[in-house]
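Here my numbering is used: the first residue of the sequence shown is -17, the next is one more, and so on.
Working notes, structure below.
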Amino acid sequence: MPKYQEGLDRLFHALGDASRRAMVERLVRGPASVSELARPFDMAMPSVVQHLGVLEAAGIVVSTKVGRVRTYQLAPNALNPAAEWIGRQRLPAERRLDRLGAFLDPSTDKEK
């Protein structure tokens, strides 16, 4: 499997969980400690840490530790590969749908 594919697989796997997506959405507003990220969830702290580990392994977040407090923030441009891949898949499908729409639309002049 190509290396870029492995990275995309990790990225999509990490984003495939609703709790992890919610953590990413929170981090869009800025860095947060583990306890801040855990606050909205009804799960044990080790589970939150495990979710954050998946996000970090995928390169979506980075962490720093000062004393006993670990703080997470979004990694710059971490989601770009997923957005680019989705964009490449969407463009051909949109072209096909545009052609189908033009074919089915009786108001278009098919003689052009």
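Where a beta carbon is used, it is the ideal one built from N, C-alpha and C, also for glycine.
Distance between residue 23 and residue 85, taken at the CA atoms: about 50 Å.
In this structure, DSSP gives residue 56 an extended state, which the three-state scheme calls strand. Looking at the backbone, the Cα of residue 7 and that of residue 13 are separated by about 11 Å.
The three-state secondary structure of residue 51, taken from DSSP, is strand. Note on geometry: alpha-carbon atoms of residue 52 and residue 87 lie some 58 Å from one another. Nearest Cα to residue 19 within the set 77, 56, 72: 56.
In summary, residue 0 is exposed, with fewer than 16 beta-carbon neighbours lying within 10 Å of its beta-carbon over all protein chains present.
Residue burial is scored here from C-beta neighbours: residue 31 has fewer than 16 other C-beta atoms within 10 angstroms and is therefore classed as exposed.
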